[in-house]
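Under the numbering used here, the first residue of the sequence shown carries the number 440, and numbering increases by one thereafter.
For each residue, glycine too, the CB sits at the ideal point set by N, CA and C.
Quick caveat: nothing in here was measured; it's all calculated off a predicted structure.
Structure first, then comments.
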Amino acid sequence: MVKISKKLQKAIESLAINDVYQKESRSFCADDFDPKFFDLADTLQVQKMHVIHKSETVDVEGEGRLLRVFVRLGTRWVLPQEEKPDVKAAIESEFIAEYQIKESLDQDCIDEFALRNASYHVWPYWREYLSSQCERMRLPRVVLPTVQFSK
Numbered sequence: 440m441v442k443i444s445k446k447l448q449k450a451i452e453s454l455a456i457n458d459v460y461q462k463e464s465r466s467f468c469a470d471d472f473d474p475k476f477f478d479l480a481d482t483l484q485v486q487k488m489h490v491i492h493k494s495e496t497v498d499v500e501g502e503g504r505l506l507r508v509f510v511r512l513g514t515r516w517v518l519p520q521e522e523k524p525d526v527k528a529a530i531e532s533e534f535i536a537e538y539q540i541k542e543s544l545d546q547d548c549i550d551e552f553a554l555r556n557a558s559y560h561v562w563p564y565w566r567e568y569l570s571s572q573c574e575r576m577r578l579p580r581v582v583l584p585t586v587q588f589s590k
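As structure tokens, this is what we get:
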């Protein structure tokens, strides 16, 4: 069982999920790569990115005070090379997890929440987006687990 710090617990009790939405996305295949007919698919490596980009608090008229956490996620398919990997395709996106602030929080509580908890709310949206983009682009299928975060 994962131990939750007092700061994280305070943030969990003081915030309520309000929305999760996609801020931007980028998908591409290299000019020399057609995933539908690529015969070296077994040689491609899949690399993943998961970054908490930033968090901010904002006052929104009619909504009150909100915490917004920006989470960048990505997957890319590369041919490994000694110096620099040859990127054949990539799918990247930035999501915003938005929370209603019910009770004032110190910045260290907000930071811990952003780093350790916000991704749980974003992850299902990323899983769905990645899966559907892989299918649309005919990229090798990537199945992400229900939750996957580095410690």
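Candidates the options: which alpha carbon is nearest residue i's?
i    : options                   : result
A469 : A529, W565, V581 and V582 : A529
H489 : E574, S570, L554 and R580 : L554
D481 : T585, P579 and P584       : P579
P519 : G501, Q486, Q539 and K493 : Q486
W565 : T514, I549, K449 and L544 : T514
D458 : F477, S444, Q448 and I540 : I540
Assuming residue i and residue j form a contact by the criterion Cβ under 8 Å, report the distance between their Cβ atoms to the nearest whole angstrom.
i    : j    : result
A536 : V517 : Not a contact, Cβ separation roughly 28 Å.
I451 : A557 : Contact flag wrong, Cβ pair sits at about 11 Å.
S532 : S464 : 4 Å
K462 : F534 : 7 Å
Going along the chain, which residues of its own chain have a beta-carbon closer than 7 Å to the beta-carbon of residue i, five neighbours each way excluded?
i    : result
Q587 : Note on Q587: pLDDT 47, under 50, position unreliable in the model; the coordinate value appears next. Taken in chain order, the list of residues that qualify is empty.
V499 : L505
E495 : R507
F472 : K527 and A528
Cutting at 8 Å between CB atoms, please list the residues of its own chain near residue i, excluding the five before and the five after it.
i    : result
K590 : In this predicted model, K590 has a pLDDT of only 42, less than 50, meaning its place in the structure is not dependable; the value taken from the coordinates is given anyway. Answer for K590: no residue qualifies.
I443 : I451
Under the rule that 16 or more other beta-carbon atoms within 10 Å means buried, what is residue i, buried or exposed?
i    : result
V582 : exposed
D547 : exposed
E551 : buried
R507 : buried
L497 : The sequence shown places Val at residue 497, not Leu. Its Cβ having fewer than 16 others within 10 Å, V497 is exposed.
Y460 : exposed
I456 : exposed
G503 : exposed
K527 : buried
Y538 : buried
Tell me which same chain residues have a C-beta within less than 6 Å of the C-beta of residue i, skipping the five on either side of it?
i    : result
E542 : S453
K475 : R577
P524 : V517
S466 : I530 and Q572
Q484 : V517 and P519
Q: Write down every uninterrupted run of the beta strand (DSSP E) in the region 502-547 whose length is 3 residues or greater and which is fully enclosed by it, in chain order.
A: 503-518 and 525-540
Q) Which whole runs of the beta strand (DSSP E) in the region 462-506 are 3 residues long or more, in chain order? A) 484-499
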